[in-house]
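As numbered in our numbering, the sequence shown has no gaps in its residue numbers, which increase by one up to the final residue, 291.
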Amino acid sequence: MTLPVPCAVDLRRESLDGVLDRVERSLQVRLDRETLVRKRRTVGARTDRRTWVRIERRGFDRIGAQGWNGPESAAVLSGVVMPWWYAGFAWREPGEPVMWRADEMELVSAAPVGQAALVIEDPRLPDAWWYALNTSLDALAAQSAPRVATPDTETITQELVTATLGKVFPGVADTTVEEWRPAHADLTWANVTGPEFCMIDWEDWGMAPRGLDAATLWGHSLAVPDLAERVWSERRPDLESRSGRLMALFFCAKVAGPHAHPEDPRLKPARREAARLIVELHASG
Numbered sequence: 007m008t009l010p011v012p013c014a015v016d017l018r019r020e021s022l023d024g025v026l027d028r029v030e031r032s033l034q035v036r037l038d039r040e041t042l043v044r045k046r047r048t049v050g051a052r053t054d055r056r057t058w059v060r061i062e063r064r065g066f067d068r069i070g071a072q073g074w075n076g077p078e079s080a081a082v083l084s085g086v087v088m089p090w091w092y093a094g095f096a097w098r099e100p101g102e103p104v105m106w107r108a109d110e111m112e113l114v115s116a117a118p119v120g121q122a123a124l125v126i127e128d129p130r131l132p133d134a135w136w137y138a139l140n141t142s143l144d145a146l147a148a149q150s151a152p153r154v155a156t157p158d159t160e161t162i163t164q165e166l167v168t169a170t171l172g173k174v175f176p177g178v179a180d181t182t183v184e185e186w187r188p189a190h191a192d193l194t195w196a197n198v199t200g201p202e203f204c205m206i207d208w209e210d211w212g213m214a215p216r217g218l219d220a221a222t223l224w225g226h227s228l229a230v231p232d233l234a235e236r237v238w239s240e241r242r243p244d245l246e247s248r249s250g251r252l253m254a255l256f257f258c259a260k261v262a263g264p265h266a267h268p269e270d271p272r273l274k275p276a277r278r279e280a281a282r283l284i285v286e287l288h289a290s291g
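Shown next as structure tokens:
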């Protein structure tokens, strides 16, 4: 069955007074409208309880059978540096195949390392930050997940990996993912804080090919060669597994594929790294 596709909406340009009023009534908080952070499909704000509320709009076509409670389900994870989750609720937008969800969680004082997914300058993170990253990713990978990850709100499957790589790098004959582990699934520089480390925005977490998180952070570092090298070095066991190399190539396919932007600072390094990864995948059989 094909789900209806909702009307495209950019929350940076929409009036959200009704949505914010509903969230305040349901969670019994007062949102500080002056701290409102707007993104294309999410908004967030501080509250009078010194917490943070994140609100997202998502179409039915992007909500799988597992439901849509990523931040809530991630609250059971241990050993991962992340905000405490306190409460959440969801509702349907009248007349549209769209759901809204609001989650109240711990207010994180540190700012995101990047204002966008990628960085173009080295953030010069301390060694303690890298230790916390490694500890958290190792702890996450050692646990179980009742969900499948949805990077870019799309459920990641073997079929998706094969189709994506086949379209951009048809020379890679074997795209079989051998290892699947729990992943944050949106580990960009906008979703980690610094200099004090914390992983935020857990709505897409779940089972994914080993190395997805490391490859995502590495890929968004490609415009800063020293930083990309540091990410690869820190997460070498993941990235140099066969699944990890496939995930690194999967990232490169998104940057260098049919929708490549000629001014993307990651484009040239992504093409160069893709050539290297293809050789290594062939060599490993």
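Cβ coordinates follow ideal geometry from the N, Cα and C atoms, glycine included.
What you are looking at is a predicted structure, and each value in this text was computed from that prediction instead of being measured.
Asked	Found
Proximity to Gly94 [Cα-Cα], best of Ser84, Ala116, Val59 and Met105	Val59
Meets three-Cβ-pair contact criterion under 8 angstroms: the region 164-175 and the region 76-87	no
Of the residues Pro188, Leu42 and Ile126, the one placed nearest Ala316, counting alpha carbons only	An answer regarding residue 316 cannot be provided, because it is not within the stretch 7 to 291 covered by the chain.
Classification of Pro132 by the beta-carbon crowding that lies within 10 angstroms, buried from 16 upward	exposed
Limits of the unbroken alpha helix (DSSP H) element including Thr222	Leu218 to Gly225
Other residues of its chain near Val125: CB distance less than 8 angstroms, five sequence neighbours each side excluded	Val119, Trp195, His226, Ser227, Ala229, Val230 and Leu233
Option in Cys13, Leu26 and Ala148 with minimal Cα separation from Gly101	Cys13
Coarse secondary structure for Thr141, derived from DSSP in three states	helix
Sequence-distant residues of its chain with Cβ nearer than 6 angstroms to Thr182 (five each side left out)	none
Inter-stretch contact at 8 angstroms, needing at least 3 Cβ pairs: the region 151-163 / the region 237-248	no
Ordered list of beta strand (DSSP E) runs contained in the region 13-67, each at least 3 residues	48-52 and 57-65
Proximal residues to Glu165 (C-beta, below 6 angstroms), its chain only, five neighbours per side dropped	none
Reduced DSSP category for Asp109 - H, G, I as helix; E, B as strand; rest coil	strand
Residue from Asp109, Ala138 and Gly73 with nearest C-alpha to Thr156	Gly73
Three-state secondary structure (DSSP) of Arg282	helix
Contact check, Trp238 vs Trp224, beta carbons under 9 angstroms	yes
Beta-carbon spacing of Gln149, Leu83 below 9 angstroms	yes
Unbroken alpha helix (DSSP H) run spanning Arg236, endpoints	Pro231 to Glu240
From Phe66, Gly200, Ser21 and Met88, residue whose alpha carbon lies closest to that of Met105	Phe66
C-beta contact flag for Pro129 and Gly50 at 9 angstroms	no
Spatial distance of Val285 from Pro89 (CA atoms)	40 angstroms
Spatially closest choice to Arg63 from Val43, Glu110, Ala221 and Leu17, by CA coordinates	Leu17
Secondary structure of Thr199, DSSP reduced to three states	strand
Completely contained alpha helix (DSSP H) runs for the region 147-217, where each covers 4 or more residues	164-174
Limits of the alpha helix (DSSP H) - the one that Gly250 falls within	Arg248 to Ala262
Residues that Ala71 bridges to, as DSSP identifies them	None, per the DSSP bridge assignment.
Ala81 - DSSP class collapsed to helix/strand/coil	helix
Nearest-angstrom Cα separation, counted from Asp210 out to Arg28	24 angstroms
Span of the beta strand (DSSP E), counted from its first residue to its last, around Gly94	Trp91 to Arg98
Asp109, buried or exposed, once every other Cβ within 10 Å from all chains shown has been counted against 16	buried
C-beta neighbour in chain D for Leu255, strict 9 angstroms	This model lacks chain D altogether; it includes just one protein chain.
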